[in-house]
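Report on the structure given below.
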Amino acid sequence: MTAKKKTAIYPGSFDPLTNGHIDIIERALDIFDEVIIAVLHNPNKKVLFTMDERVKMIKQSFNGSKSVLVDSFGGLLVDYAKMKNAVAIIRGMRALSDFESEFQMALMNRKLNKEVQSVFLMTGFRWIFTSSSIIKEAAQFGGDISDMVPRAVHIKMMEKYPETKE
Ligand code: PNS
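Written as structure tokens, this is what we have:
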């Protein structure tokens, strides 16, 4: 009997994808056979990059990886996870400050569907202070963020914010 493929969902806004996200995805691939990066479609959230731009940048960053799939979703995360036959939801943990909201979200997800486990992965030390929002802020005012995001994201960021350093 062949073992069943274990799929995990890595959900988020990814506005935009950072090297911190990539670090988490690489760690998740040590545990799961396949990771689906699921970009949340949330019309109420103000974002810098459109859904198409975010999905495209992620696809470019994982070009050639058969175990990483990129998709978008709306509605409840647990419903999406069920539809994809995923066994787990991956979330990255940086500092302790992430814990409370993540804990709350995980417990709500468990209440909604107890079959999907939340798995928290610790980010590498290098990315402890990395977040999409802080990167956008730095880039907007001409900060050098080139070593914090994949190349595809850096190029797109320079388009949005011409002040961003090459
Ligand atoms: O990158 P983010 O913005 O921290 O990701 C948040 C995300 C997408 C994981 C969360 O907002 C989410 O799962 N939204 C889908 C709606 C949902 O299922 N809500 C109930 C659980 S709190």
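Residue numbering for the sequence shown follows the numbering used here, beginning at 1166 and increasing consecutively. Every residue, glycine too, gets a C-beta built ideally from N, C-alpha and C. Nothing here was measured: the structure is a model prediction, and the numbers come from that model.
Item to check | Check whether I1201 and L1234 have beta carbons under 9 Å apart | outcome: For the purposes of this step, residue 1201 is identified with residue 36 of the sequence shown, where counting begins at 1. For the purposes of this step, residue 1234 is identified with residue 69 of the sequence shown, where counting begins at 1. Yes.
Checklist entry - On the premise that A1203 lies in contact with D1236, defined as a C-beta separation below 8 Å, what is that separation, rounded to the nearest angstrom? => result The residue given as residue 1236 occupies position 71 in the sequence shown. The residue given as residue 1203 occupies position 38 in the sequence shown. The distance from the Cβ of D1236 to that of A1203 is about 5 Å, consistent with a contact at the 8 Å cut-off.
Item to check | Option nearest Q1282 by Cα separation, candidates I1299, H1206 and N1250 | outcome: Indexing the sequence shown from 1 puts residue 1282 at position 117. The option with the nearest alpha carbon to Q1282 is N1250.
Checklist entry - In chain order, which beta strand (DSSP E) runs of at least 3 residues are fully inside the stretch 1193–1249? => result Runs found: 1199–1205 and 1233–1238.
Next on the checklist: Quick check: the stretch 1225–1232 against the stretch 1256–1268, are at least 3 beta-carbon pairs closer than 8 Å?
Outcome noted: With a cut-off of 8 Å, the stretch 1225–1232 and the stretch 1256–1268 do not count as touching, because too few Cβ pairs lie within range.
Item to check | I1153 versus T1167 - alpha carbon distance | outcome: Residue coverage of the chain in this structure runs from 1166 to 1331, which leaves residue 1153 outside it and unanswerable.
Item to check | Rounded straight-line distance, which links the Cα of E1328 to that of K1276 | outcome: For the purposes of this step, residue 1276 is taken as the residue at position 111 of the sequence shown. For the purposes of this step, residue 1328 is taken as the residue at position 163 of the sequence shown. E1328 has its alpha-carbon roughly 45 Å from the corresponding atom of K1276.
Item to check | Residue closest to I1293, alpha-carbon to alpha-carbon, out of I1254, D1263 and L1205 | outcome: For the purposes of this step, residue 1293 is identified with residue 128 of the sequence shown, where counting begins at 1. Ranking the options by Cα distance to I1293, first place goes to D1263.
Checklist entry - Applying the criterion that 16 or more other CB atoms from any shown protein chain within 10 Å of the CB defines a buried residue, is R1316 buried or exposed? => result In the sequence shown, the residue the question calls residue 1316 occupies position 151. Result: exposed.
Item to check | the ligand PNS heavy atom lying under 8 Å from the CB of N1274 | outcome: Here residue 1274 corresponds to residue number 109 of the sequence shown, with the count starting at 1. N1274: yes, Cβ under 8 Å from the ligand PNS.
Checklist entry - On the premise that H1206 lies in contact with M1222, defined as a C-beta separation below 8 Å, what is that separation, rounded to the nearest angstrom? => result Locating residue 1222 in the sequence shown gives position 57, where the first residue counts as 1. Locating residue 1206 in the sequence shown gives position 41, where the first residue counts as 1. Between the beta-carbon of M1222 and that of H1206 there is about 16 Å, and that puts the pair past the 8 Å contact cut.
Next on the checklist: Looking at the secondary structure, which residues open and close the beta strand (DSSP E) in which V1284 lies?
Outcome noted: One-based indexing of the sequence shown puts residue 1284 at position 119. Here the beta strand (DSSP E) through V1284 covers Q1282 to M1287.
Next on the checklist: For a test of the three-state rule: what should DSSP assign to R1256, helix, strand or coil?
Outcome noted: Here residue 1256 corresponds to residue number 91 of the sequence shown, with the count starting at 1. DSSP places R1256 within a strand segment (E or B) once states are collapsed to three.
Next on the checklist: One question on the structure: do K1325 and A1304 come within less than 9 Å of each other, judged by their Cβ atoms?
Outcome noted: Sequence index remark: in the sequence shown, residue 1325 carries index 160 (1-based). Sequence index remark: in the sequence shown, residue 1304 carries index 139 (1-based). With respect to A1304, K1325 sits close: the two C-beta atoms are nearer than 9 Å.
Next on the checklist: Can you tell me whether R1291 is buried or exposed? The criterion is at least 16 other CB atoms within 10 Å of its CB, across all chains shown.
Outcome noted: Taking the sequence shown and counting its residues from 1, the one referred to as residue 1291 is at position 126. It is exposed - the Cβ of R1291 has fewer than 16 other Cβ atoms within 10 Å.
Checklist entry - Expressed to the nearest angstrom, what Euclidean distance is found between the alpha-carbon atoms of E1199 and G1177? => result Mapped onto the sequence shown, residue 1199 falls at position 34. Mapped onto the sequence shown, residue 1177 falls at position 12. If I take the Cα positions, the gap works out to 17 Å.
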